[in-house]
Each structure stands twice: as structure tokens, then as C-alpha cells.
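In the numbering used here, the protein residues as written are 22 to 113.
Written out below as C-alpha cells is the structure these notes cover.
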Amino acid sequence: MTEARARTGLDSAAWPTGVPVYSVNTAAASGNGPVLIRDARPSSGGCDGHELNDAPFTVGSRFHDTASNTTIDVISRSGDDYRITIAFGVAP
Numbered sequence: 022m023t024e025a026r027a028r029t030g031l032d033s034a035a036w037p038t039g040v041p042v043y044s045v046n047t048a049a050a051s052g053n054g055p056v057l058i059r060d061a062r063p064s065s066g067g068c069d070g071h072e073l074n075d076a077p078f079t080v081g082s083r084f085h086d087t088a089s090n091t092t093i094d095v096i097s098r099s100g101d102d103y104r105i106t107i108a109f110g111v112a113p
């Protein structure tokens with residue numbers, strides 16, 4: 022699952038502009054953390070010491086899930102709109 026996020030309106034103090042990617046564990050019960058944020062910069066320390074504050078993917082970056090063999094590429098940005106490609110069953 023993915024979305025485009027920008028620092029505007031209610032999100033003006035939110036994490037950086039970009040494309041966050043999430044995984045959903047459908048076997049997890051509600052309230053037991055079924056949604057996992059995928060970090061574009063793991064082990065970076067994030068912003069202000071919060072690891073996931075810099076999690077969104079930016080133009081030119083790629084997320085690949087080996088379990089499902091799914092790849093998400095962030096191709097371009099125009100304003101607050103992003104063009105992404107999603108490939109299933111194709112190795113990066």
C-alpha cells in the first residue's frame with residue numbers, strides 16, 4: 022500500500038514529502054500492529070532521532086519486497102503528484 026504525502030495543511034509538521042510504503046499483515050488482529058511502515062532509509066536515525074521520520078521514498082528510489090516479489094519505483098514528481106510503477110513477480 023502506498024500514498025503521496027506533502028507537508029501542507031494538517032500534515033505541515035508531518036514527515037518529509039514523499040511516497041510512504043506500507044505492508045499489511047492480514048493475519049494480525051486489529052490493535053496488534055497489522056500495518057508496517059517500510060523505511061526508505063533504514064538505520065539512518067531519521068529526523069530528530071525518530072527512525073521513521075524520513076521513511077518516505079523519493080523520486081529515483083525503489084522498494085522491493087522479497088516475500089511477495091513486488092517492486093515499487095518512484096518515477097517522477099509534479100507538484101504533489103507522483104508517478105510510480107508497481108511490478109509483481111518481477112525481480113528488480
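Think of the CB as a built atom: it goes at the ideal place given N, C-alpha and C, for glycine as much as any other residue.
These numbers come from a predicted model, not from an experiment.
query = How would you call Ala61, buried or exposed, if buried means at least 16 neighbouring beta carbons within 10 angstroms?
reply = Position 40 of the sequence shown, counted from the start, is the residue given in the question as residue 61. Buried.
inquiry  = Taking the beta carbon of Ala76 as the centre, do at least 16 other beta carbons fall within 10 Å, making it buried, or is it exposed?
reply    = For the purposes of this step, residue 76 is taken as residue 55 along the sequence shown, with counting starting at 1. With 16 or more other Cβ atoms within 10 Å, it is buried.
inquiry  = Please classify Gly39 as buried or exposed, where buried requires at least 16 other C-beta atoms within 10 Å of its C-beta.
reply    = Here residue 39 is taken as the residue at index 18 of the sequence shown, counted from 1. Per the 10 Å Cβ criterion, buried.
query = I think Val80 touches Arg98, with their Cβ atoms under 8 Å apart; what is that distance to the nearest whole Å?
reply = Counting from 1 along the sequence shown, the entry for residue 80 is found at position 59. Counting from 1 along the sequence shown, the entry for residue 98 is found at position 77. Val80 to Arg98, Cβ: 5 Å. Contact.
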